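Going by the numbering used here, the sequence shown opens with residue 113, and the numbers climb by one from there.
Idealized CB from N, CA, C, for every residue including glycine.
All figures in this text were calculated on a predicted structure; none of them were measured in a lab.
Here the structure is laid out as structure tokens; the discussion comes afterwards.
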Amino acid sequence: MNLDLAPWVLAWCALAMACGGLIKGVLGIGTPLLTVPMMALVLPVHEAVVIMAIPVVAANLWQAYDAEQPLETVKRFWPALAALFAGTWFGVWILSGIEERVLLTIVGIMVICFTLIQGSKRKIMIPARVEKLTGVAFCGSAGLIGGLSSMFGPMMILYLVSLPTLSKDKFVNTISFLYVGAVVPWAVLLVVMGLMDARLALVSGLAVIPLSAGLLIGRSIRKYVRDSIFYRLILGVLIVSGGSMIWRALL
113 MNLDLAPWVL AWCALAMACG GLIKGVLGIG TPLLTVPMMA LVLPVHEAVV IMAIPVVAAN
173 LWQAYDAEQP LETVKRFWPA LAALFAGTWF GVWILSGIEE RVLLTIVGIM VICFTLIQGS
233 KRKIMIPARV EKLTGVAFCG SAGLIGGLSS MFGPMMILYL VSLPTLSKDK FVNTISFLYV
293 GAVVPWAVLL VVMGLMDARL ALVSGLAVIP LSAGLLIGRS IRKYVRDSIF YRLILGVLIV
353 SGGSMIWRAL L
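Structure follows, in structure tokens:
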């Protein structure tokens, strides 16, 4: 099948995917924030977004499967996953009439404010007794927001950085597990709605290769990143995510 893309465009997209995989391997998050803008320099934005579908699903399934004690993660966070899954479908099919700009502006400001608090001495911690209930609220909201805007990550990350017992490796394993509940229905909807044709599906499938290479390198680097630095990097990604929401709302 003819990909109908110049070799240099394919090379640039492969580099973007490798960089996205590197971030994913180190932090467990941040791939679309880097990869989509890089690919959008040489491709239409909607194509850049669609091409992310298969690599993002593969990366999160891989990291979720690769987790230590995966059954413990499932037992602990399944209510949050269920809420995320339901919220994603509800956001896409039911809430499409909501004013997206208002929603993104409010959530973007909330994310930035909450991140600044989490980076200060007044850091908020979620007690174990309300962990599951809070997870349902945060991840259900993440699904609703993501269903409208594809910005699934910020609310999930806010929830996980507020859990006092989550190490960096456990954070990566858990965020990947939760992302499965968002990206799988999202990818299915791209196909159902006709946004992913055969050409984009082929490019998206091939994109798994460079992303996987970056993921492996990033996973090796994570061993040398201290927990304190890891969480500072996560907070940095949250600030960028909140800013991206506000920027998108102003377009």
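On a Cα-Cα basis, can you pick out the residue from the options that is closest to residue i?
i, options, result
"K244", "I236, V214 and A195", "A195"
"I141", "G354, L350, G355 and R360", "L350"
"A254", "P167, V169 and G199", "G199"
"T185", "D281, S356, F250 and D339", "D281"
"L321", "S274, M151 and A170", "The amino acid at residue 321 is misidentified as Leu; the sequence shows Ile. Per the Cα distances, A170."
"V248", "M268, L260, G231 and A192", "A192"
"G348", "L145, M150, W124 and V168", "L145"
"V154", "G259, I346, C131 and W124", "W124"
"F197", "G252, V168 and M129", "G252"
Within its chain, find whatever has a CB closer than 7 Å to the CB of residue i; leave out the 5 residues flanking it on each side and keep chain order.
i, result
"N172", "S288, Y291, V292 and V295"
"T217", "I358 and A361"
Only counting the same chain, and skipping five residues up and downstream in sequence, which positions put a Cβ closer than 6 Å to that of residue i?
i, result
"G133", "L323, G326 and L327"
"T246", "I238"
"M308", "V162 and L302"
"L270", "F226"
"R334", "V138"
Between which two residues does the alpha helix (DSSP H) carrying residue i extend?
i, result
"L155", "Careful: L155 lies outside any alpha helix (DSSP H) and carries neither H nor E."
"V121", "P119 to L139"
"M268", "G265 to V273"
"G175", "One point to set straight first is that residue 175 is Gln, not Gly, in the sequence displayed. Run containing Q175: A165 to Y177, per the alpha helix (DSSP H) assignment."
"Y336", "First-last for Y336: undefined, no H or E at that position."
"T286", "K280 to V304"
"R311", "A310 to L318"
What's the gap between the Cα of residue i and the Cα of residue j?
i, j, result
"F189", "A310", "35 Å"
"C225", "I135", "24 Å"
"M164", "A319", "8 Å"
"W359", "V223", "13 Å"
"F116", "S279", "As written in the sequence, residue 116 is Asp, which differs from the Phe given in the question. Looking at the two C-alpha atoms, the distance is approximately 44 Å."
"P182", "F283", "12 Å"
"R156", "S316", "Checking the sequence, you will find Pro at residue 156 rather than Arg. The alpha-carbon atoms of P156 and S316 are separated by roughly 14 Å."
"F202", "I257", "10 Å"
"M305", "K233", "46 Å"
"P297", "F342", "29 Å"
"S353", "R213", "15 Å"
"Y336", "T143", "20 Å"
"L362", "A240", "38 Å"
"E180", "K187", "13 Å"
"A299", "I166", "7 Å"
"W120", "A126", "10 Å"
"M267", "G355", "14 Å"
"I221", "I329", "34 Å"
"D339", "S274", "14 Å"
"A118", "P149", "19 Å"
"A128", "M151", "7 Å"
"G259", "L272", "20 Å"
"L314", "C131", "20 Å"
"R331", "V242", "31 Å"
Among the residues of its own chain, which have a CB less than 8 Å from the CB of residue i, if the five just before and after it don't count?
i, result
"L312", "E159, V162 and I163"
"I229", "K235 and I236"
"T277", "A240"
"N285", "G140, Q175, A176, D178, A179, E180, P182 and T185"
Quick check: is any heavy atom of the ligand HEM less than 6 Å from the C-beta of residue i?
i, result
"A249", "In terms of ligand content, the structure shown is empty, and the ligand HEM therefore cannot be addressed."
Closer than 7 Å, CB to CB, is residue i near chain D or not?
i, result
"R188", "Although the question refers to chain D, the structure presented lacks it and comprises just one protein chain."
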